[in-house]
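4 protein chains.
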Amino acid sequence: MTDVDDPADHGDVADPTELAERVRDGEFRLHELDDHADRASAAAARRRLLEAETGADLDAVGGYAFDAADTEGNVENLLGAVQVPMGVAGPLPIDGGAVSGERYLPLATTEGALVASVNRGCGVIRAAGGASARVLKSRMTRAPVFRVAGVGEAERVVEWVRNHRETLREAAESTTSHGELVDVTPYVVGDSVFLRFGYDTKDAMGMNMATIATQAASEVVERETPAALVALSGNLCTDKKPAAINAVEGRGRSVVADVEIPAAVVEERLHAPPAAIAEVNTRKNHLGSAKASSLGFNAQAANVVAAAFLATGQDAAQVVEGANAITSVEVRKRALYASVSLASLEVGTVGGGTTLPTQSEALSVLGVGGGGDPPGANADALAEVIAAGALAGELSLLGALASSNLASAHEQLGR
Amino acid sequence: MTDVDDPADHGDVADPTELAERVRDGEFRLHELDDHADRASAAAARRRLLEAETGADLDAVGGYAFDAADTEGNVENLLGAVQVPMGVAGPLPIDGGAVSGERYLPLATTEGALVASVNRGCGVIRAAGGASARVLKSRMTRAPVFRVAGVGEAERVVEWVRNHRETLREAAESTTSHGELVDVTPYVVGDSVFLRFGYDTKDAMGMNMATIATQAASEVVERETPAALVALSGNLCTDKKPAAINAVEGRGRSVVADVEIPAAVVEERLHAPPAAIAEVNTRKNHLGSAKASSLGFNAQAANVVAAAFLATGQDAAQVVEGANAITSVEVRKRALYASVSLASLEVGTVGGGTTLPTQSEALSVLGVGGGGDPPGANADALAEVIAAGALAGELSLLGALASSNLASAHEQLGR
Amino acid sequence: MTDVDDPADHGDVADPTELAERVRDGEFRLHELDDHADRASAAAARRRLLEAETGADLDAVGGYAFDAADTEGNVENLLGAVQVPMGVAGPLPIDGGAVSGERYLPLATTEGALVASVNRGCGVIRAAGGASARVLKSRMTRAPVFRVAGVGEAERVVEWVRNHRETLREAAESTTSHGELVDVTPYVVGDSVFLRFGYDTKDAMGMNMATIATQAASEVVERETPAALVALSGNLCTDKKPAAINAVEGRGRSVVADVEIPAAVVEERLHAPPAAIAEVNTRKNHLGSAKASSLGFNAQAANVVAAAFLATGQDAAQVVEGANAITSVEVRKRALYASVSLASLEVGTVGGGTTLPTQSEALSVLGVGGGGDPPGANADALAEVIAAGALAGELSLLGALASSNLASAHEQLGR
Amino acid sequence: MTDVDDPADHGDVADPTELAERVRDGEFRLHELDDHADRASAAAARRRLLEAETGADLDAVGGYAFDAADTEGNVENLLGAVQVPMGVAGPLPIDGGAVSGERYLPLATTEGALVASVNRGCGVIRAAGGASARVLKSRMTRAPVFRVAGVGEAERVVEWVRNHRETLREAAESTTSHGELVDVTPYVVGDSVFLRFGYDTKDAMGMNMATIATQAASEVVERETPAALVALSGNLCTDKKPAAINAVEGRGRSVVADVEIPAAVVEERLHAPPAAIAEVNTRKNHLGSAKASSLGFNAQAANVVAAAFLATGQDAAQVVEGANAITSVEVRKRALYASVSLASLEVGTVGGGTTLPTQSEALSVLGVGGGGDPPGANADALAEVIAAGALAGELSLLGALASSNLASAHEQLGR
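Those protein sequence lines, which keep their order, are chains A, B, C and D.
Taking this note's numbering, I'd label the letters of the first sequence as residues -19 to 395.
Taking this note's numbering, I'd label the letters of the second sequence as residues -19 to 395.
Taking this note's numbering, I'd label the letters of the third sequence as residues -19 to 395.
Taking this note's numbering, I'd label the letters of the fourth sequence as residues -19 to 395.
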C-alpha cells in the first residue's frame, strides 16, 4: 500500500471521479495522480478534471488502444490519445543498401490529398522500374558547450580533445551496449568550446543514448581540462532547430533516393513532358528556395517525412531537420532523372514511440520493426523507404504543378 | 448502385476479406477500394491486404474512434489510425491579446519527459503570476512563380502588380467568403517573377484558402501581363521548408510570449540563479545556434510546437516553420526575464485535422474550437497558448541544464 | 597658433622627423599629429615614426596623388595610400533603366585573370547584342533596436509606429535635403523592438544620411513611446554582414542583368554548348550552393563587385552584401539565357570615396560621376553596369569550367 | 621584333597616342596592346583611348608607383592604379600563437571614422594589458563537383575516395612544393558528388595552389572511378559566397581574439559600464542578427577585415567570408570579456597582391612580409593581428552605441 509505483496497490483509490475531486481539493496535483492510481485511472481522473474545468468532452481522447502502463517512457500526465488517420501508399519498389524489393509506406496525416499524391508518385516509380536509395552517412550527434577562461585555454582544451579521443570513446561507450563514438569535432567561439560528439547508434534514433554517453565523456573533459560544462546540449548538435550544420554535415541518416523515368512514363502519368517538370523544379525548388534563403530545396519533403514519422513512432519535432532536403531533376536522353537528398533524417526502429501498438504495426508493414541484422540495418531501411517516399511525393507534386499550368496554357490558347 | 459515393450502395461488396481478394486479383486497385465499399470497409480491406502481403498485424491500427466517412478530407487510402499518447500541462495563466486567464495545454507525444518538462515550466510561470503573449502579425502566404522573357518584362510585370493590387484583391477574394488579401510582394530572379500573396485567413490555418485565391489572382496576372505561370507555389511562400523569409517576415501567426520571474521563484523552482540560466541561454541558444548557422535560436520550441500541433489537429509538417523561434533571457533587478518569439506559427481552429474527434476535444480543452468571435480570435488564442507553452518548455530545459551543471560543479568541489 | 584646425599655422612644426620625435617623446600621440601639422606633414611624420619602430620602408605608401587635406572625410591617422592596379573591361553594351549604350568598366584588383575573364564575358555579351539591366528596388536601410518592458509594450510601440509614419518621416527628412523615408518596418523579438527604416538616398550610397535621419526619428520614438533606444543599428539593417534579410528584401540597389546569347556565339566564344554551361550552373551554383547553405548562388559575382567597388570609391566592406547574388542559366531555343540578380548592391556616385582623384576618374570613365539627372540616376546606372559586369564574369567563368572539362573529356576519349 | 613578350622590342611602337589610334582603327584590340608595347606604354595607350572615348581625364589613375611590368600576375588590361588612403591604428599588444608584442595595423579605407574607431579600440586593449589571439584551424579548400549515374554510383565513388586518400594526396601534392593535402570530405546531392579538398597552404592564401592540386587529384578520380568532372569548383569550397559551410567548418584561417578589460578601463574609455556594452552586443549582434537570419553576428568586423585586406594586398572579394564573425561579450567580476571569432579569414603573406610596393610596405609595418619561419607563421600572425584589430573595432563601436544612448538618456532625464 505504501509502494506508490505498483498500480495494483492503488485499487482502492482508483475511482477517477473521486481522484479528480481530490486533485480539485488540493490534496495532490495533476502530475501526482500517478502516485495514487494506476496510469489508466490517473488518465481517466485527469479527463474528468479537465472536463469539469473546461467543459470539454474527452470521450474520444479516452478511447485509446494501448496499455496506459506501457506509455511511461512516452508521456507524462497522460490523458489518453490523439488519433491521426493513417493511410498507405505503394507498393514502392526500392533497390537500396538496406532494403530491397517492394514496400508499402504507411502515412499518418490529417491533410487531404497527401497520401493520394505520394501514392501517385509510387505508381510513377513502379512504372519506371523502381527507385534506388542509399544511406551515405549515419551519425547521431550531441554537442555540449563548455566555458573556458579565454582563447588560450580554448586552444589547450581543443588540443587535449584531439589527443584523447580514445579516452573519450571509452568514457562514452561505457554507458551503452550498442552505441559507438565515431568522432568528436571541436568548435570555438570566444570562451565557449563546443564538442560535437558523433555516434553510430544502430537501430535507435539515438538521442538518449548520445546524451548519456556524452554526459560521461563531458565529465572526463571537465576533470582533465580547465573546461567547465555549461550545457550538455550547446545547439551545435543541432536537435530540432533548422540548422545549416545538419544540412551540411548530416545528423541521423544522410540518405539519397533517386530514379530515372522513361519520358513516355512521365508524359503518361504526370501529364507533362520531362522539360516542364525540370523547369518547375528549377524555378521553384532552386531559384525560389535560393531567394527565400531556405535550407530546404524541395517541394514537399516535410509532408512525407512528417506523415511517415507519425505513422512509425518517430519524434515529430525532428521533422524540422528532416526538411533539410534537396530535390534535383534533370532531363536525360528520353528520360527524366530525379533525386531527393535528405541530409538529416533521424529515425529508429527501437525505443521512443516505436513500441506503441499502432506505431509498431506500421513498422511491421514496412518489415523493419525492432533491431536489424546487422544492427542498424532496420533503421537504415526505414530511412531509405522514407527517402523513396519523399521522392514519390516530389515527382507527384512537381508533375501536378507542371501539368496544371500546361492545362491552363492550353485553355488560354484555346480561347 | 452506380453512385460510387454512397456507401449505403456498397453493402453487397463490403466484406473486407472479399474486397481484399478482389484487389489481389487485380480487379481494382488499393485506392479504388473506396469506389466499391464504404470507407470503413475499404480501410478494413486494406488492412487485410497488407496483413496478407507483409505479415503485419493491423488490429490496433484498425481500432480507431472516428467515423471513417468523416476523414475524406484528411486522408486517402485509409488504413485506420495511429494513436499518439496525449498528456496535459498546466494550468498556464496567460495575459494575451486573444486569450486571458488559465489554460490547460494538451500535448501529444511519444517522447518521455516532454510533458513533464513543459508542466514544470508552467509551474514556474504560475508562480511568477503568468505569462504575456501577443500575436503581432497574421498572414498566410502563397507565392506563385511566373516566367517572363527577361528583366525588362519582369520590370513591367512588377509595375503592373504594384498598380493593380485592387484588381488582384478582387480576383483573390472572389474565391473565399472569409479570407482577405492583405498584401502582394513581388520578387524577381532573372526571368522568374515571384509574387508573395499574404492573406488574413481568420481562424483557418489557410493554406487551401490561400492557394485557391492565389490561383484566381494568378489567372488575372497571366491574362493581363506577359507573365506565364510556372508553378502556383514558387517556394517563396515558404511552406514546410526552413526558410529565412518566414523567420524574417513571418507566416501564419508571428507570436511572442514572455514572463518576468522573481529571482526567488527561479532559484526555488529551477534550482539555479537567474545568471546561470541566462548564461546557458547565451552560450547555447545564441552562440551555439549562431555557430551552427541555425534559423532556430531556442532550446526546444519544436518539441512543444509539435506536441501541441499533433494534439490539436494542426499540420505536423508545419512544425518546420514553427521551429523558427528565438528565445531571449535577461537578468533584471531581482528577476529573470524570458521570452520566446515564434515567427511563423501556422495554426487554425477550423478545417484540416481540427474536426476529428480527439483533436476537436483537445481544442475544447483550450476553449478555442471552431470559429472565433471576432473571426480569427480563436486561432490567435491558440497561437498565444502555444507560445506560452513553448516559453514554459524553454524555462524548464534551460533550468535543467543550468542546475545539473551547478550540481555537477558542487559535486566536483565537494571532492 | 592656437587654431589647431588651420594647417597654415603649423608651418613651424611641420618637419616630419621632428614631429615624429615629439610623438616618440610622448609629447603627443599619433592621432594628435593632425593638431600640430598639416595632414600631409602629419602623414609623413607617421611614416617616419613607423619606419623607426618597425624597420619598414614606407616610400611607396608616401607616394600618393591625392591632396592629403582632401581625405579628412575618408581616413584618420593618414599614412599615405595603397595603390591597387586598375584594369578595364569592355566595352559592354547595356540596355538598362538608367544606362543605355556601351560602357567601359574599370576594375581594381590584385588577382590575376579577373579582368581578362570579365573582358571575355563582355565580348560574349557584345556578340549577343548587349545585356539588359534594371534596378528594381532602391532602399538604404538603418534599423535601430529599442528596449521595452515586454511584449505588451512592444505591441503598443509597433502600433504607434504604424499610426505615425508621417511623424517619423518628418523627423527623419528634417535632417537631409535629398533623402526620403520610404518605409518603416517593425520587428519584435521579446522585449526588443527593431524598426527598419528604408530611404531613397538618390545618388548617395546613403549610410550616413540614413543613420542621421534615423537618429532623429528614433528620438521621436523615444519621446512618444515607452521604447528606449539601445543601439542606433540593431543589425536588422543589415550592414556588412551576410544576412538573409538583405538577400530577401534587398538593400541599396536590387538589380538584375540578363542576356540571351545565340547558341553559335556560345559555342564559338565559350567553347562549350549551352547545355554544358547550364549544367555547370545547376550543379555548382544551385546544388553546390544549396548544399553549402549559402546565401550566394553564383560563380564569382563578388570578384566583379569588389573590383568595381574599389575602382569607383565604394565601401569595400559592403562587398559582403554585394555577394548575395543568384545566377540563373537556361537553354532556350538555339540560345542560352543567363541572368545575375544582385539583391543588395550598395553604391553611390557622390560622397564617400567617390571624390578622391583616381576613383573620380574611374566614375568619369563610366560617365556616372556626381549627382544624376534625375537624382539617383547615376547610382542606378552604376548599379546596372556593375550587374552587367557581374553577368560577364559569370558567363566567362561558367564557360571556362564547362570547356575545360569538355577538353579533358575529349583528351580522355582520345586515349 | 617577333618576341611579343619582350617589352624592349616594342620601343618603336610605344608611343601611347599612336598605339591608341591603332586600336581605334581596329588594327588590334584593347587587350592586345600588351603584345605591341611594354605594359606601361600599353596602359598609357589605354588611358588615351578611354579619355578619347569617354571624356574622362585619367591623370591620377596614371600616376602609380609600382612598375607596370611587375603587375602581370595581378591585372590585365592595365590602366594604372586606384589610390586608397591608408591610415594606421595601434599599437596593439597581442599575445598570440604566432605573434607576440605590439603591432601597428595599417588600414586602407575611404570611409571616415573607421581608423579612428579601431584606434580607440586599440587604446582600450592597451589599457587592458593586451589581447590574446589564436589561429585554431588553417585549411584552404577547393571542392570540385562530379557527375555520376545515380546514388548507387555515388556511394561507390565516395567509398573509393575514403579508401584512396593517400593516392589523392600524392596526386595533389605532386603539383606543389609547399602545400599539403590534409583532408578530403565527400558530399552527395543526387547524382552530383562534391569532394571538398582541404590544404595547408602555409604562408600563401592558397587558392591557386589548391586549385592546381585539386585539378590533379580530380584527374585521378576521373580515371579511377566512373565520376566525370563537371566543374573544378562546385561551390562547396566556398569561395567568395557567404556560405554556412565556411562559418561552420572554416576556410583559410579560423582565428579568435579576445580580451578581458577592467571595468574601470571600460567606463573611462568607452564611457559606458560593462553591462551597457553587453546589452548592446546581445540585442544587436545576437538577437538582431538572429532575426535577420545572418551569418554574421558582429558589429563591424567586415570594416576592419576589408581595410586590412586592402592595405596588405589580400583578395578584396574574400571579405565576404571574412564577415562570418561572431562577437561575444560578457560581464565578469569587475571586468568585461569580449571576443571575436572569425571562421574563415583567408590571408597570405606571399603571392597575390602582397608583392606590390605599397602592400609589401604595409606587411613590413606588421613584420609579416614574405614566408614565415616556420612556413605558415607569417600568415598565422597576420590573421591574429587582423582578428585583434577586429576586436578593437567591435569594442569601439559597441562602446560608442552604448555611450551615446546613455548620453541621450541623461539628456532626457535632465529635461
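Idealized CB from N, CA, C, for every residue including glycine.
Since this is a predicted model, take the numbers as computed values, not measurements.
Query, Result
"Would you please verify whether the beta carbon of Ser21 (chain A) is less than 8 Å from any beta carbon of chain C?", "no"
"Of all Cβ atoms in chain B, is any one closer than 8 Å to the Cβ of Ile225 (chain A)?", "yes"
"Is Ala291 (chain A) helix, strand or coil when you go by DSSP?", "helix"
"Do Lys264 (chain D) and Ala211 (chain C) come within 8 Å of each other at the CB atom, strictly closer than that value?", "yes"
"Would a check of beta-carbon distances place Met66 (chain D) closer than 8 Å to chain C?", "yes"
"Throw me the rounded Cβ distance for the Ala113 (chain C) and Ala368 (chain C) pair, which I believe falls under 8 Å.", "5 Å"
"Once DSSP output is grouped into helix, strand and coil, what is the label at Pro86 (chain A)?", "strand"
"Does the ligand HEM have even one heavy atom less than 7 Å from the beta-carbon of Gly332 (chain A)?", "Among the components of this structure there are no ligands whatsoever, and the ligand HEM is therefore not found."
"Using 8 Å as the limit for Cβ to Cβ distance, is Phe277 (chain A) near chain C?", "yes"
"Can you tell me where the beta strand (DSSP E) holding Leu13 (chain D) begins and where it ends?", "Where Leu13 (chain D) is concerned, there is no enclosing beta strand (DSSP E), given that its DSSP letter is neither H nor E."
"Residues of chain C with CB under 8 Å from Glu135 (chain B), in chain order?", "Gly77, Arg114, Leu116"
"Return the CA-CA distance between Gly332 (chain D) and Asp238 (chain D), expressed in angstroms with no decimal places.", "29 Å"
"Beta carbons nearer than 7 Å to chain D: which residues of the stretch 41 to 53 of chain C have them?", "Val41, Gly43, Tyr44, Ala45, Phe46, Thr51, Gly53"
"Does the distance from the C-beta atom of Ala96 (chain A) to that of His11 (chain B) stay below 8 Å?", "yes"
"Output, in chain order, the set of chain C residues within a Cβ distance shorter than 8 Å of Asp238 (chain B).", "Gly130, Val131, Gly170, Asp171"
"Which residues does DSSP pair with Phe126 (chain C) in a beta bridge?", "C:Val173, C:Leu209"
"Could you tell me the alpha carbon to alpha carbon distance between Gly70 (chain A) and Cys102 (chain A), rounded to whole angstroms?", "6 Å"
"Identify whether Ala382 (chain C) lies in helix, strand or coil by the three-state DSSP scheme.", "helix"
"Going along the stretch 287 to 308 of chain D in order, which residues come within less than 7 Å of chain A, judged by CB to CB distance?", "Ile306, Ser308"
"Taking Cβ positions only, does Tyr84 (chain A) come closer than 8 Å to chain D?", "no"
"Answer yes or no: do Glu364 (chain D) and Ile74 (chain D) have a C-beta to C-beta separation smaller than 8 Å?", "yes"
"Under the three-state reduction of DSSP, which class applies to Ser324 (chain D): helix, strand or coil?", "strand"
"Consider the Cβ of Ser344 (chain B): report whether some Cβ of chain D lies at a distance smaller than 8 Å.", "no"
"Please state the DSSP three-state secondary structure of Gly232 (chain B).", "strand"
"Let me know the secondary structure DSSP gives Asp50 (chain B) once reduced to three states.", "helix"
"Which residue from C:Ile241, C:Phe46, C:Ala0 puts its Cα closest to that of Gly130 (chain B)?", "C:Ile241"
"Below 6 Å CB to CB, which residues in the same chain sit around Val246 (chain A) once its five sequence neighbours on both sides are set aside?", "Pro254, Leu316"
"Is there a C-beta anywhere in chain D that falls below 8 Å from the one on Thr194 (chain C)?", "no"
"Could you work out which residues of chain A lie near Ser321 (chain D), taking near to mean beta carbons separated by less than 8 Å?", "Val168, Val169, Gly170"
"Who pairs with Lys117 (chain C) in a beta bridge, going by DSSP?", "C:Ser234"
"Suppose you measure from the CA of Met(-19) (chain A) to the CA of Ser234 (chain B); what does that come to, to the nearest Å?", "At Met(-19) (chain A) the pLDDT is 33, less than 50, meaning the model places this residue with poor confidence; the figure from the coordinates comes in the next sentence. In a straight line, the C-alpha of Met(-19) (chain A) is about 51 Å away from that of Ser234 (chain B)."
"On the DSSP letters alone, give me the boundaries of the beta strand (DSSP E) that Gln298 (chain D) sits inside.", "No beta strand (DSSP E) holds Gln298 (chain D); DSSP gives it neither H nor E."
"Under 8 Å between C-beta atoms, does Gly(-9) (chain D) make it to chain A?", "For Gly(-9) (chain D), the predicted structure reports a pLDDT of 47, less than 50, and the residue's modelled location is therefore unreliable. The matter cannot be settled from this model."
"May I have the straight-line CA-CA distance separating Gln63 (chain C) from Glu56 (chain C), to the nearest angstrom?", "18 Å"
"Does any residue of chain A bring its CB to less than 8 Å from the CB of Ser376 (chain D)?", "no"
"List the residues of chain B whose Cβ lies closer than 8 Å to the Cβ of Val98 (chain D), in chain order.", "Those within 8 Å of Val98 (chain D) in chain B number zero; the least Cβ separation is about 23 Å."
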